[in-house]
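Trainee: Position in the sequence shown (from 1) plus 196 gives the number in the numbering used here.
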Amino acid sequence: MKVVQLRTVRDVLIHLGTMASLLISLFLGFFFLYLPAITHPGEKVLVPDLKGMTLKAGSEFLADRDLRYEVSDSSYVPKARPLTILSQFPQPGDQVKADRKIFVTITTFNPPEVPMPDLLGLPLRSADMQLQSAGLQRGNIRYVPEFSSNVLRQEYGGQPIARQAKIPKGARVDLVLGDGIGPSEFAVPGVVGKPRAEAEILLRGSGLRLRTRYDYGSGGQPGTVVRQQPAPRPDSVVTIRRGQTITLWVAADSLNR
Numbered sequence: 197m198k199v200v201q202l203r204t205v206r207d208v209l210i211h212l213g214t215m216a217s218l219l220i221s222l223f224l225g226f227f228f229l230y231l232p233a234i235t236h237p238g239e240k241v242l243v244p245d246l247k248g249m250t251l252k253a254g255s256e257f258l259a260d261r262d263l264r265y266e267v268s269d270s271s272y273v274p275k276a277r278p279l280t281i282l283s284q285f286p287q288p289g290d291q292v293k294a295d296r297k298i299f300v301t302i303t304t305f306n307p308p309e310v311p312m313p314d315l316l317g318l319p320l321r322s323a324d325m326q327l328q329s330a331g332l333q334r335g336n337i338r339y340v341p342e343f344s345s346n347v348l349r350q351e352y353g354g355q356p357i358a359r360q361a362k363i364p365k366g367a368r369v370d371l372v373l374g375d376g377i378g379p380s381e382f383a384v385p386g387v388v389g390k391p392r393a394e395a396e397i398l399l400r401g402s403g404l405r406l407r408t409r410y411d412y413g414s415g416g417q418p419g420t421v422v423r424q425q426p427a428p429r430p431d432s433v434v435t436i437r438r439g440q441t442i443t444l445w446v447a448a449d450s451l452n453r
């Protein structure tokens, strides 16, 4: 093998120049010949509309058009088919280079879990707003006899669910509300010994009608209920219905008779 001997400065410069020219030629050839050949410069592809396609169908659709995809995000959508494309970037109709990556958002199989809000004691309208804010739906409504018309129980899957318990987003929550009327038949309240005003508030609040009579010979504190009809019994339960009349005897001073 021949060995190049550099005996003069001129020989050194010529040798260095030759090497520099070779490196420059390789550099220019890589960037201006090789890269353009594999990246198809100037070749534009119209971005197709992928929304509503399954991920598999969308990937095949893109491959046929010299495009690629990448899942950038996922979201749960009730009643939507899992692994369905929800959105994309770039948008449909945009022009991009061949082999461009299209970023897609797809639906997931399982919904995320959210904390159950506390609906107890709320009116139905407020309960609906709380459910909507938490990403939940109102299910069946059942009314039970109760003077209040607010939410008495919250249930999921037929069982009571406590506040802050984890529940799938989009789940349906059943509500039990009071009918605002109360039980149609209930035990007779005992008001003997109570002041007349207090007894009337209690009985009217139970939906009963009142008939008041005065007892001048009972010896009780004037203005106090000394007898009632019907009256509760210690050995059995006496019931009365809403709208029925209860008679009160109120102690009165015989001097004011």
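We treat Cβ as the ideally placed atom computed from N, Cα and C, and that holds for glycine.
Hey, does L212 have any beta-carbon neighbour from chain C nearer than 9 Å?
Mentor: Of the protein chains in the structure, only one exists, and it is not chain C.
Trainee: Give the DSSP bridge partners of G265, in chain order.
Mentor: Counting from 1 along the sequence shown, the entry for residue 265 is found at position 69. In the sequence as displayed, the identity of residue 265 is Tyr instead of Gly. Bridge pairing for Y265: I298 [DSSP].
Trainee: Is any non-hydrogen atom of the ligand ADP found closer than 8 Å to the C-beta of G403, if you look at the structure I gave you?
Mentor: Summarising the ligand content, the structure contains no ligands, and the ligand ADP is consequently not present.
Trainee: Restricting to Cα atoms, I'd like to know which of V422, A330 and V434 is closest to Q360.
Mentor: Along the sequence shown, one-based indexing puts residue 360 at 164. If we check each option's Cα against that of Q360, A330 comes out closest.
Trainee: Which partner residues of D370 appear in the DSSP bridge assignment?
Mentor: Working through the sequence shown from its first residue, we reach residue 370 at position 174. For D370, which the question treats as bridged, DSSP gives the partners E351.
Trainee: Check each candidate in K247, V384, P313 and R338 and name the one with the smallest Cα separation from G289.
Mentor: Start at 1 with the first residue of the sequence shown, and residue 289 comes out as number 93. Comparing Cα positions, the closest option is K247.
Trainee: Please list, in chain order, all residues of the same chain as P319 whose beta carbon is under 6 Å from its beta carbon, the five residues on each side excluded.
Mentor: Here residue 319 is taken as the residue at index 123 of the sequence shown, counted from 1. Contacts found: N346.
Trainee: If you follow the beta strand (DSSP E) that G362 is part of, which residue opens it and which one closes it?
Mentor: Locating residue 362 in the sequence shown gives position 166, counting from the first residue. It is worth fixing the name first, because residue 362 is Lys in this sequence and not Gly. Counting along the chain, the beta strand (DSSP E) containing K362 begins and ends at K362 to P364.
Trainee: Counting C-beta neighbours from all protein chains within 10 Å, is the total for Y265 16 or more, i.e. buried, or is it exposed?
Mentor: On the sequence shown, position 69 is the one that residue 265 refers to. Y265 is buried by the Cβ-count criterion.
Trainee: Does the beta-carbon of M249 have 16 or more other beta-carbons within 10 angstroms, so that it is buried, or is it exposed?
Mentor: Translated into positions along the sequence shown, residue 249 becomes position 53. Label assigned to M249: buried.
Trainee: Out of E381, N336, G366 and G401, state which residue places its alpha-carbon closest to the alpha-carbon of S344.
Mentor: Position 148 of the sequence shown, counted from the start, is the residue given in the question as residue 344. Residue G401 is the option with its Cα nearest to S344.
Trainee: So, using beta-carbon positions, are G335 and D370 closer together than 9 Å?
Mentor: Within the sequence shown, the letter at position 139 stands for residue 335. Within the sequence shown, the letter at position 174 stands for residue 370. For G335 and D370, yes; Cβs fall inside 9 Å.
Trainee: Please name the residue or residues paired with R338 in a DSSP beta bridge.
Mentor: Here the question's residue 338 lines up with position 142 in the sequence shown. DSSP, once it has assigned bridges, lists V372 as partnering R338.
Trainee: Taking its Cβ as the centre, do 16 or more other Cβ atoms sit within 10 Å of L332, making it buried, or is it exposed?
Mentor: In the sequence shown, the residue the question calls residue 332 occupies position 136. So L332 ends up on the buried side.
Trainee: For R405, which three-state DSSP category applies?
Mentor: To locate residue 405, count along the sequence shown from 1; it is residue 209. Three-state result, R405: strand.
Trainee: Tell me which same chain residues have a C-beta within less than 7 Å of the C-beta of V267, skipping the five on either side of it?
Mentor: One-based indexing of the sequence shown puts residue 267 at position 71. So the qualifying residues of the chain are V300 and I302.
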